[in-house]
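Numbering (the UniProt record's numbering), first residue to last: 1 to 616.
Notes for the one structure printed next.
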């Protein structure tokens, strides 16, 4: 992604216009005295990017400004976004927008809406409706499936002075606002490229299909239960009809249902004598005897094999005697006896070694007969044991009426829904198998290690500026999204003292995260960062500096700028782009020899400021 802020524009109420121009691929430094409006620039950038509240100072700044504006370059396109100044502390809903980067000479007029402008800018950031909060990542402030706002990704683009002086382990701005606090852990993987939107969509699709599959399986189970109940009811009706000689007792169940339909429609069925039951009972008894005989044979065969094993065990001493024959006093019959016993032992071993399919054959035969027996039992269940007669015609026709009602009911519940559900289940299962999800956990672990490696290099770059922590090891705490330090060969984290060290930790952390974003080609975070007064821990109190070379305040802030300069240099060498905007109150001499550091405007001193005295 290509991005840089080209200009910040202030249209003053007196008709004058103040512009500050920034260079791409540079560390753009605005330095000067306190209370000259440097920090307000960060607030103006945030305001123009659709902030719902603002802390732009009313005194000097807002009281003199009619409109605020940004001219930006995104992906080789120029845009100008203007927003009317706050009124009585309230943000404005009036916007100016130019798709060609045109900057009005006079005070702008509202020509567009926040919704339209934001939608266009988000499109440039590749943020569409698919870039949404994943399933399982909702909160009281975040709706699952809602589009991730550009403003959430802007958390990666600022290091405010409050953040630098904060010692509570917070490394992102706006964490005092609940919705931003909730959003950070939910967008971190997406923003840094650990997780791809395509992979999230696959996960969501899988969850959706699994829910649908579970629902269909419940439906299939319900249909199966209803089918079983229907079959039991149908058998009961057929059996009762046979008992009362309404249909032929020898008719099989499928045909019996057809006969029942005919009876319902007024037909008289020839019922016959009902010899089928006797025939089936005879066949059932024969099969039962066969099963019993086969089971008896199996038991006897098992006993036979066990006896063979016992005999073999009793003859095993013969092997020992044969090995020790030289130590035994032999009689006349010794040799022939030992030979005979040895022969018997070998015969038994051979008999046991010989594999016979008899076991499997018998078990298969028993299984087949058992299946046949079950089928016969089902048929017998549908046949009456004895014939009955209705007490009167009324009872007969009441039964026929019951049959008709149930047949009409069951005829509406054919097998097609069950077949349809099975087909749908199979289709979803095949679709689930085709979804290949990337193992994000592995990539996350590797990314954490890479962040720590990058920060280790940064610590080498700033050399002695970290003083006691120079040789400590960086640890990225993924859960809290913060940077910790660990002394080598220890198992605990160091409680880092001094706000100057906190400043370096924030620089290390933010630059490393942007390096990861660049390596993973994440399109959602713009390649720029605004840093508000990194030297504040050194000059914020008494303005005095220590003079010892490796530990002076000047040395440390020089090393910090050396780090920023090197970051821009390496990004350019790697074919990427990056812009920094840094607010300071240090002397320009501290960075004058760094080729990637650019002084914006002249120093904010002697009347020069965000709004110079001569313009008011």
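Where a beta carbon is used, it is the ideal one built from N, C-alpha and C, also for glycine.
Computed from a prediction, not measured in an experiment: that's the story for all the values here.
With DSSP collapsed to three states, give me the class of residue i.
| i | result |
| --- | --- |
| residue 505 | helix |
| residue 185 | helix |
| residue 422 | helix |
| residue 477 | strand |
| residue 520 | coil |
| residue 653 | Within the shown structure, residues of the chain are numbered from 1 to 616, placing residue 653 beyond reach of any answer. |
| residue 29 | strand |
| residue 434 | helix |
| residue 132 | strand |
| residue 304 | helix |
| residue 298 | helix |
| residue 147 | strand |
| residue 543 | At residue 543 the pLDDT is 40, less than 50, meaning the model places this residue with poor confidence; the figure from the coordinates comes in the next sentence. In this structure, residue 543 counts as coil in the three-state DSSP scheme. |
| residue 156 | helix |
| residue 493 | strand |
| residue 272 | Only weak support is given to the placement of residue 272: the predicted model assigns it a pLDDT of 49, under 50, and the value that follows is read from those uncertain coordinates. Of the three classes helix, strand and coil, the one that applies to residue 272 here is coil, per DSSP. |
| residue 141 | coil |
| residue 602 | coil |
| residue 112 | strand |
| residue 464 | helix |
| residue 102 | coil |
| residue 538 | helix |
Is residue i near residue j, with beta carbons less than 8 Å apart?
| i | j | result |
| --- | --- | --- |
| residue 425 | residue 220 | yes |
| residue 172 | residue 481 | yes |
| residue 59 | residue 85 | no |
| residue 537 | residue 499 | yes |
| residue 237 | residue 379 | no |
| residue 493 | residue 485 | yes |
| residue 588 | residue 603 | yes |
| residue 114 | residue 188 | no |
| residue 42 | residue 532 | yes |
| residue 283 | residue 376 | yes |
| residue 156 | residue 525 | yes |
| residue 94 | residue 110 | yes |
| residue 483 | residue 508 | yes |
| residue 24 | residue 579 | yes |
| residue 73 | residue 6 | yes |
| residue 40 | residue 610 | yes |
| residue 45 | residue 600 | no |
| residue 529 | residue 192 | no |
| residue 590 | residue 561 | yes |
| residue 452 | residue 472 | no |
| residue 77 | residue 71 | no |
| residue 583 | residue 38 | yes |
Going by beta carbon distance, what residues of the same chain come within less than 6 Å of residue i, once the five residues before and after it are set aside?
| i | result |
| --- | --- |
| residue 547 | At residue 547, the pLDDT of 41 sits below 50, so the modelled position is not reliable; the number obtained from the coordinates is stated separately. Cβ neighbours of residue 547 beyond the five flanking positions: none. |
| residue 605 | 32, 33 |
| residue 194 | 443, 444, 447 |
| residue 160 | 173, 532 |
| residue 290 | 369 |
Excluding the five sequence neighbours on either side, which residues of its own chain have a C-beta within less than 8 Å of the C-beta of residue i, listed in chain order?
| i | result |
| --- | --- |
| residue 102 | 80 |
| residue 62 | 56, 85, 86 |
| residue 199 | 437, 438, 440 |
| residue 166 | 502 |
| residue 456 | 473, 474 |
Which residues mark the beginning and the end of the alpha helix (DSSP H) in which residue i is found?
| i | result |
| --- | --- |
| residue 447 | 440-461 |
| residue 559 | 553-573 |
| residue 164 | 161-164 |
| residue 150 | 150-153 |
Which two residues bound the contiguous beta strand (DSSP E) that contains residue i?
| i | result |
| --- | --- |
| residue 528 | 528-532 |
| residue 19 | 17-21 |
| residue 580 | 579-584 |
| residue 7 | 3-12 |
| residue 597 | 597-599 |
| residue 482 | 482-486 |
With a CB to CB cut of under 7 Å and the five nearest residues on each side skipped, what residues in its chain are close to residue i?
| i | result |
| --- | --- |
| residue 415 | In this predicted model, residue 415 has a pLDDT of only 49, less than 50, meaning its place in the structure is not dependable; the value taken from the coordinates is given anyway. Once the five neighbours on either side are set aside, residue 415 has no close Cβ partner at all. |
| residue 515 | 454 |
| residue 186 | 133, 137, 142 |
| residue 202 | 435, 437 |
With a cut-off of 8 Å, does the C-beta of residue i fall near any C-beta of chain C?
| i | result |
| --- | --- |
| residue 479 | Of the protein chains in this structure there is only one, and it is not chain C. |
Using 7 Å as the cut-off, classify the Cβ of residue i as near or not near the heavy atoms of the ligand ADP, replying yes or no.
| i | result |
| --- | --- |
| residue 510 | Ligands displayed in this structure: none; no statement on the ligand ADP is therefore possible. |
key: In chain order, each alpha helix (DSSP H) run of at least 4 residues that lies wholly inside the region 167-230   = 178-192
4 or more residues per run - each alpha helix (DSSP H) lying fully within the region 32-97 = 38-48
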